[in-house]
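Using my numbering, the letters of the sequence shown map in sequence onto residues 148 to 680. Every residue gets a Cβ at the ideal spot worked out from N, C-alpha and C, and that includes glycine. This structure is a prediction, so every number in the text was calculated from the model and none was measured.
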Amino acid sequence: MKGKKIVLPLFLAVAMLFSCTTERQQYATISKSELNNKIKGAWAGKMIGVMMGIGMEFKAAGVTFEDSIPWYPEMIERALLEDDIYGQLTFMSTMVKNQGMQTPVTKLAEIFANADFNLCHANLQARKNFFDGIMPPLSGAPEYNFHANDIDFQIESDYIGFIHPGMPQSATLMADSVGRIMAYGDGLYGGMFVSAMHAMAFFETDARTVVKKALKAIPAESGYAKAIHTVIDGYETDSVNWRTTWQKVEDAWGKSDVCVPYDPFNIDATINGAYIAMGLLFGGNDMTRTIEIAIRCGQDTDCNAANAAAVLGIIHGYDAIADEYKSHIPEMADKPFLYTDISFNKAVEYTQALAEENILANGGSIEEGTFKVPLQSAQFSGKLEQAFANKTMDRMIRMTEGEKYKLEGNWVDFSYGDGDNDLYKVSTSSGDVFETTFNGTGFSVLGSYNTDGGTAMAYIDGEPFREFNCYHRTEAGKWNGNRQHLVHKMDLEPGEHTLKIVVLDKKESASTGHKIYIERVIAYKNTDTASNP
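Here it is in C-alpha cells:
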C-alpha cells in the first residue's frame, strides 16, 4: 500500500516544549569554550567506544565476552568508517544544510533513504518503506517494520542529545519525531533514553545520576524501562559484581527478540540498552572500565560501548580524556567520515551551532561568551507504545522441510553460499504459489530483497492481507542475522491458520524479475501459551 505522507517538522518539538516549561524556570551557565569541550568529548567518546568494541560485535551472544580488548591510539581513525557515526551525521548534516531545527522529518527520511551506504534491520526496512511510499511515522510502525524494537535508532540518536545541552525534554521530543522513521515502542524509547542521557550529562558529574534521571524520559511501564530498572536494582544490591546483574538481564530479555528468535544473536534495543546502563553504573565514571563492561556484556558491543563512552565524554569533556585514547585525533580530525563530507572538527562545529540554536529557542541567552541554559528535567507525557509484546517464536518452517509447505508453479532452489548455505525457494514467474499452515497468533515470512524482486499478495485464511514486493536496489538478506521479514501479521486469533502467497503479474519498474525469495516462515504464539521450538 502507499502510506499517507505525514510531515512532522522538528521545530514543533522546541516550540511546544518552551511553551510548557517556562514556569519557575531554572538556569545554568556554561562558557562557549566549555560547551565546545564537552561536545568534542561527546564525539571523541563515541569514536573511542565504537572502535574498542568493533572487534567483538556479536561474538558474544547470550554469553559474556572474556577475551582481551585491544587498543592503540591509531585505531580511532577507523571510526571514520563506522555506521554508528556516519549514519547520524547524515541526519545532522541534513538539518544544517536545510532548515536547521525546522527541517521536516520526511526530509531526513528522504536523504537517509537515498544515501549510498548499506543499511540493515530497522533502517533498511525504513528505507524500503520510503521507496514503497510508506512515510514516517508509518515507516517505523510495527505494522510495516518488523524491526521496530531493534537497536537502529538507539545507536544513531546520540547527536540529538548532543545538540540539546541540559534540555532532555527538548531532546526526547525531537527523538520522538526522528525515531519514528525506523522505530516504535521500545526501539523508539531506546533512542529517547540515550538522547536524554546525553542532554543531561552536560550539567551532571556522575554517570549513575544521569542514568537514573534520564530513565524518566520514557514510560515506566515499557519493557525498556523495566530492563534499565533491573540494572539499577542490581547495581544497588551489589555495586561490584556486574555479572550477577548481567545474568538477571539475560534471563529476562535474552530470548525476547522477535526479529531473530532462532539465534542467540539479539539486536533489540532493550537488552543492548541495559548493557549501556551496566557500563555506566558499574563503570564508576571511568572511561576504560565503562567501555570494558559494556563490551563484556556482549551482543552489539561497539554500539553499546560507543553510547556509554559518549556520556562520559560529555561529563568529563575532551580535555580530560586520557591521551592514550585521544592522542591520534588531531591527526585525523579533518578527514571526512565515510559517505559524508563531515570530519570530526566539522561534526563538532555543526553540533555547537545547533546546540546554540536550541539554547536560544528554549529561552536561554548568551552574553560575553557565556550561555545561560534553561535546565529541564526528563519526563514522559505520552502514551505507552509496545510492539510485539508477549510474543515468542513457537515453530519455524524451513525450506528443507518440504512436507510442511506446498508449491505451485515454477519455484527453484537457491542459496547464497560463502558461509550462508540455507535453502531458499524462489519464484520465477507470476502465478507461482506458496502455501503453509501454522498454529499460533502471528507469523513472519523471512527471505531476501533483490534487484530482481517481484510483487506478491499474502492471504491469511483465504482473505487477502497485504501486497508486498521484494525489489530493492541491492541484495539484502544474506546471513541468518540479517534476513528480511517480507510480510508479517502478529495479531491473529489463537488457532490454526493458512498462509498463502501468490506472485502477481506486476513489479517495480526497476526490477529485472518476478522473484520472491522465501527462506523460512516463523510462527509466533503469546508467551503464556508458547511451546519450545
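Compare the C-alpha of residue i against each of the options and name the closest.
{"i": "Thr176", "options": "Phe300, Asp433, Val341 and Val520", "result": "Val520"}
{"i": "Gln446", "options": "Asp565, Thr435 and Tyr422", "result": "Tyr422"}
{"i": "Leu228", "options": "Glu213, Ile201 and Gly209", "result": "Ile201"}
{"i": "Thr547", "options": "Gly564, Ile462, Ala441 and Tyr571", "result": "Tyr571"}
{"i": "Lys114", "options": "Thr377, Gly578 and Tyr497", "result": "An answer regarding residue 114 cannot be provided, because it is not within the stretch 148 to 680 covered by the chain."}
{"i": "Lys360", "options": "Thr448, Tyr371, Ala343 and Gly370", "result": "Ala343"}
{"i": "Ser528", "options": "Ser286, Val407 and Gln316", "result": "Gln316"}
{"i": "Arg620", "options": "Asp385, Phe277, Thr253 and Val243", "result": "Phe277"}
{"i": "Ser474", "options": "Glu221, Thr211 and Thr588", "result": "Glu221"}
{"i": "Thr682", "options": "Glu204, Glu257 and Ile440", "result": "Residue 682 lies beyond the stretch modelled for the chain, which goes from 148 to 680, so this question has no answer here."}
{"i": "Met282", "options": "Phe264, Ala260 and His294", "result": "Ala260"}
Do residue i and residue j have their CB atoms nearer than 9 Å?
{"i": "Phe687", "j": "Leu335", "result": "Since the first residue shown for the chain is 148 and the last is 680, residue 687 is missing from the structure and cannot be characterised."}
{"i": "Ser574", "j": "Gly601", "result": "yes"}
{"i": "Met194", "j": "Trp218", "result": "no"}
{"i": "Tyr409", "j": "Ile669", "result": "yes"}
{"i": "Leu501", "j": "Gly313", "result": "no"}
{"i": "Val341", "j": "Gly287", "result": "no"}
{"i": "Lys395", "j": "Gly381", "result": "yes"}
{"i": "Asn296", "j": "Asp415", "result": "yes"}
{"i": "Asp567", "j": "Asn627", "result": "yes"}
{"i": "Ile462", "j": "Asp353", "result": "yes"}
{"i": "Tyr671", "j": "Met637", "result": "yes"}
{"i": "Gly196", "j": "Ala455", "result": "yes"}
{"i": "Phe612", "j": "Val634", "result": "yes"}
{"i": "Ala453", "j": "Ile302", "result": "yes"}
{"i": "Ala273", "j": "Ala256", "result": "yes"}
Secondary structure at residue i, three-state DSSP: helix, strand or coil?
{"i": "Lys572", "result": "strand"}
{"i": "Arg620", "result": "coil"}
{"i": "Met479", "result": "helix"}
{"i": "Arg171", "result": "coil"}
{"i": "Val341", "result": "helix"}
{"i": "Ser304", "result": "coil"}
{"i": "Ala701", "result": "Residue 701 is absent from the structure shown; the chain starts at 148 and stops at 680."}
{"i": "Met540", "result": "strand"}
{"i": "Asp214", "result": "coil"}
{"i": "Ala670", "result": "strand"}
{"i": "Gln631", "result": "strand"}
{"i": "Tyr664", "result": "strand"}
{"i": "Pro641", "result": "coil"}
{"i": "Tyr233", "result": "helix"}
{"i": "Thr487", "result": "coil"}
{"i": "Asp675", "result": "coil"}
{"i": "Pro315", "result": "helix"}
{"i": "Ser524", "result": "coil"}
{"i": "Ser591", "result": "strand"}
{"i": "Val252", "result": "helix"}
Could you tell me how far apart the beta carbons of residue i and residue j are, in whole angstroms, since I believe they sit closer than 8 Å?
{"i": "Tyr306", "j": "Gln235", "result": "5 Å"}
{"i": "Leu593", "j": "Arg542", "result": "That belief does not hold up - the Cβ atoms of Leu593 and Arg542 are roughly 13 Å apart, past 8 Å."}
{"i": "Thr100", "j": "Ser240", "result": "In the structure as shown, the chain starts at 148 and stops at 680, and residue 100 therefore has no counterpart that could be examined."}
{"i": "Thr319", "j": "Met347", "result": "The pair is not a contact, with the Cβ atoms about 11 Å apart (cut-off 8 Å)."}
{"i": "Ser386", "j": "Asp333", "result": "The pair is not a contact, with the Cβ atoms about 26 Å apart (cut-off 8 Å)."}
{"i": "Glu622", "j": "Ser595", "result": "7 Å"}
{"i": "Ile216", "j": "Ile442", "result": "6 Å"}
{"i": "Asp449", "j": "Asp231", "result": "6 Å"}
{"i": "Ile375", "j": "Ala424", "result": "5 Å"}
Could you compute how far the alpha carbon of residue i sits from the alpha carbon of residue j?
{"i": "Phe412", "j": "Gln526", "result": "32 Å"}
{"i": "Lys213", "j": "Val458", "result": "According to the sequence as given, residue 213 is Glu; it is not Lys. Those two C-alpha atoms are separated by around 24 Å."}
{"i": "Gly337", "j": "Thr435", "result": "23 Å"}
{"i": "Lys363", "j": "Thr356", "result": "12 Å"}
{"i": "Tyr331", "j": "Lys206", "result": "27 Å"}
{"i": "Tyr233", "j": "Val378", "result": "30 Å"}
{"i": "Tyr664", "j": "Tyr465", "result": "49 Å"}
{"i": "Thr659", "j": "Glu555", "result": "22 Å"}
{"i": "Lys654", "j": "Lys538", "result": "33 Å"}
{"i": "Lys553", "j": "Glu582", "result": "5 Å"}
{"i": "Ala467", "j": "Glu640", "result": "57 Å"}
{"i": "Gly326", "j": "Glu515", "result": "36 Å"}
{"i": "Phe590", "j": "Asp470", "result": "52 Å"}
{"i": "Arg171", "j": "Ala322", "result": "25 Å"}
{"i": "Thr588", "j": "Trp389", "result": "37 Å"}
{"i": "Phe349", "j": "Tyr371", "result": "24 Å"}
{"i": "Cys617", "j": "Asn597", "result": "6 Å"}
{"i": "Ile438", "j": "Ile223", "result": "14 Å"}
{"i": "Trp400", "j": "Leu182", "result": "37 Å"}
{"i": "Pro251", "j": "Glu383", "result": "42 Å"}
{"i": "Ser524", "j": "Glu351", "result": "12 Å"}
{"i": "Asp652", "j": "Phe615", "result": "13 Å"}
Verify the contact flag: residue i, CB atom, against every heavy atom of the ligand HEM, threshold strictly below 8 Å.
{"i": "Ile423", "result": "The ligand HEM is absent from the structure shown, which contains no ligands of any kind."}
I'd like to know if residue i contacts chain B, where contact means its C-beta is closer than 9 Å to some C-beta of that chain.
{"i": "Met339", "result": "No chain B is part of this structure, which consists of one protein chain only."}
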